[in-house]
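Chains as they are written, first to last, in numbering that gives the first Met the number 0: chain A, 0 to 85; chain B, 0 to 275. Even for Gly, the Cβ is constructed at its ideal location relative to N, Cα and C. Keep in mind it's a predicted model, so treat the numbers as computed, not measured.
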Amino acid sequence: MKTVSVGTLESSDCLVTIKPHESLEIEIDTVVHDAFYEHISDLVRKTLKEHGITKAYVIVQDKGALDYAIKARLTTAIKRMRDDNG
Amino acid sequence: MARSYLFIPGNVPRMLQNMDVYEADVIIIDWEDAIAPGEKDEARILSETFLKKHAPDVEIYIRINAEPSLYEADLAHIPLNHVKGVVYPKSDTASLSKLLKVLPDSLDIIALIETPGAFFDIKTIAAMERISALFLGAEDLCSELGATRDPSGDAILFARSTLIMAAKAYGKDAVDTPWADLDANNLQKDAARAKNLGFDAKSAIHPNQVPLINRLFSPGAEQIKDAKRIIAMHERKGTMRFSLDGKMVDKPIIQRAYKLLEKARRYGLDGGDSVD
């Protein structure tokens, strides 16, 4: 089981890391914590649910990414993790 | 009809989000050379998610990859409602014929002409129905030829002229290669040369290049005025051959006047219906 990271730490982007875990844990480090922590957390949970992920450790290092970018980076990470695991 | 085509990498959120403020007539989202082999999936998913969510108000093409195994994955991620077509690298008759078998019906193709071999195929390529434009890729071409580009354009004069002939013979747009350095004087010389040879538009690799290209490839005030006078005289006389200011005007000149005025109107440059 492999750890996968997708994205960058450049402005308007985010770096999403996902790795296998015995439960669902989400860690969010964002430059807009006070205003958007809950929003990003909901977006990550919703995207994971869309892909049927119930157990994983997800880290989002956000540099002001819009929703679509967070969703796209996480979606790519999920696909790569699945490809790596056959 | 467009004046400027701007390449932006498909894997950079900041550039995707700003695509409609760069003032380029056409945006080309690049999934080919600007994207490393291991990052193709990132670029496809990021661009697709962006376009579906934000639907920017600009004409969009995607530069797909040349190899079938890669472009089949590219095509699966193109949101058809938001993209006009694809820019296809290393175009030749055989590879385009293969692409046409799998390309969704709503997408047209801008053929990137960037190999010596393509110039022996160029008439057939220009004649293909779904090809909307021929686009010169001079950097790859010069690499293959061992030629060195400079602002004089000597190294690519034959390629430029051949591409323009083929495009115009089949009613397709001719799009010039980008100028690779960011020196505005060199860009000005290179773009002016392309415009004078007959290109309809030029491509850019940096947003800062767009205003100069738009200005150069827009019809000028005098040209617009002349075109209006030619059209007014043509419509008044109802003939395709007449004299204006002591010069003979015939069908090609009238057609060129209509085309120029259409371009001017598209970009809000015609200044109304007055012919004075």
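Residue i at chain A interface by Cβ criterion, 8 Å
i	result
H76 of chain B	no
H53 of chain B	yes
E41 of chain B	yes
Q16 of chain B	yes
Min CB distance residue i to chain B below 8 Å
i	result
Y36 of chain A	no
K78 of chain A	yes
T16 of chain A	no
V57 of chain A	no
L47 of chain A	no
Paired residues, beta bridge with residue i - DSSP
i	result
T48 of chain B	In DSSP, T48 of chain B forms no bridge with anything.
L173 of chain B	The amino acid at residue 173 of chain B is misidentified as Leu; the sequence shows Ala. A173 of chain B pairs with B:L133.
Q60 of chain A	A:L14, A:D28
V20 of chain B	None; V20 of chain B has no bridge partner.
I28 of chain B	B:I7, B:I61
M232 of chain B	Partner(s): none; M232 of chain B has no beta bridge.
Same chain only: Cβ atoms within 6 Å of residue i, ignoring 5 sequence neighbours per side
i	result
I230 of chain B	A256
C178 of chain B	The sequence shown places Trp at residue 178 of chain B, rather than the Cys named in the question. Cβ within range, chain order: L186, D189.
T16 of chain A	S4, I58
D19 of chain B	P55, D56, V57
H233 of chain B	I253
K18 of chain A	T2, Y56
Start and end residues, alpha helix (DSSP H) containing residue i
i	result
M164 of chain B	156–168
S68 of chain B	67–75
V101 of chain B	92–101
L186 of chain B	183–196
Beta strand (DSSP E) segment containing residue i, residue limits
i	result
Y104 of chain A	Outside the displayed range of chain A (0 to 85) lies residue 104 of chain A, so it cannot be described from this structure.
Y87 of chain B	84–87
R62 of chain B	58–62
V209 of chain B	Note, V209 of chain B: premise wrong, no beta strand (DSSP E); alpha helix (DSSP H) at 209–215.
D107 of chain B	107–112
H243 of chain B	Rather than His, the amino acid found at residue 243 of chain B in this sequence is Leu. Here the beta strand (DSSP E) through L243 of chain B covers 241–243.
Assumed close pair residue i, residue j - CB separation to whole angstroms, cut-off 8 Å
i	j	result
S11 of chain A	A64 of chain A	6 Å
I77 of chain B	I108 of chain B	The pair is not a contact, with the Cβ atoms about 12 Å apart (cut-off 8 Å).
D139 of chain B	T114 of chain B	7 Å
C13 of chain A	A55 of chain A	The Cβ separation is near 16 Å, so there is no contact.
F198 of chain B	I163 of chain B	6 Å
Residues near residue i in its chain [Cβ-Cβ closer than 8 Å; skip 5 each side]
i	result
W30 of chain B	G9, K39, A42, R43, S46, I61, R62, I63, N64, D73
S94 of chain B	A65, Y87
Min CB distance residue i to chain C below 8 Å
i	result
V31 of chain A	Reference to chain C is not applicable here, since the protein chains of this structure are A and B.
Distance cut-off 7 Å: residue i Cβ against heavy atoms of the ligand MN
i	result
S202 of chain B	The ligand MN is not part of the structure shown, which contains no ligands of any sort.
Cβ neighbours of residue i in the same chain (closer than 7 Å, five flanking residues each side left out)
i	result
K122 of chain B	A165
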